[in-house]
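Numbering-wise, our numbering comes out as the position in the sequence shown, counting from 1, plus 680. C-beta: ideal position from N, C-alpha, C; glycine also. The structure under discussion appears below in the form of structure tokens.
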Amino acid sequence: MPKCKCSFNVSLQEKYPFIKQINTSSDVRCEKCRTEFSVSYNGGGDIEQHLKSDKHKNADRVATSYSSSLNFFKKLDAPTLKDLDILTAEGIWAYHTTQENHSFRPNDCASKFI
681 MPKCKCSFNV SLQEKYPFIK QINTSSDVRC EKCRTEFSVS YNGGGDIEQH LKSDKHKNAD
741 RVATSYSSSL NFFKKLDAPT LKDLDILTAE GIWAYHTTQE NHSFRPNDCA SKFI
């Protein structure tokens, strides 16, 4: 007679917040490495086994280096006035190019707008 089927429960969700339940109560996806697997056989032991896999370790290493590179770039919440001026000039140029049926390569008259 087979053992009872384990399922992904609230305590596992709290312990492993990067593991999400997908189709059934025993099918899960690791958000770090995008791997789908089942916890029906051993529950939390299946997750621990997944955490020891090379694919997960590599994805975890990449995610750590990626998050440190995000701190390097400045995040702007709203566009500045200069950004809006540039967008306006680009919009006028694109509109003029399409209205006059110009090719993008010999578009010499665009310098009047920009």
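Item checked: Rounded C-alpha distance that separates Asp707 from Tyr721 -> 11 Å
Next item on the list: Just confirm the distance between the C-beta atoms of Phe698 and Glu711, as a whole number of angstroms; I'd bet it's less than 8 Å.
Entry: 5 Å
Next item on the list: Would you kindly check if the distance between the Cβ of Ser705 and the Cβ of Ser687 is under 8 Å?
Entry: yes
Check: If we count the other Cβ atoms within 10 Å of its Cβ and call it buried at 16 or more, is Ile727 buried or exposed?
Finding: buried
Item checked: Pairwise C-alpha distance: Asp763 and Glu780 -> 26 Å
Check: Can you tell me whether Cys684 is buried or exposed, with buried defined as 16 or more other CB within 10 angstroms of its CB?
Finding: exposed
Notebook entry, point to check: Considering only C-alpha positions, which residue in the set Gln701, Cys713, Leu692 is nearest to Ala739?
Noted result: Cys713
Checklist line | Thr777 CB to nearest heavy atom of the ligand FMN below 7 Å | finding: Looking for the ligand FMN in the displayed structure turns up nothing, as the structure carries no ligands at all.
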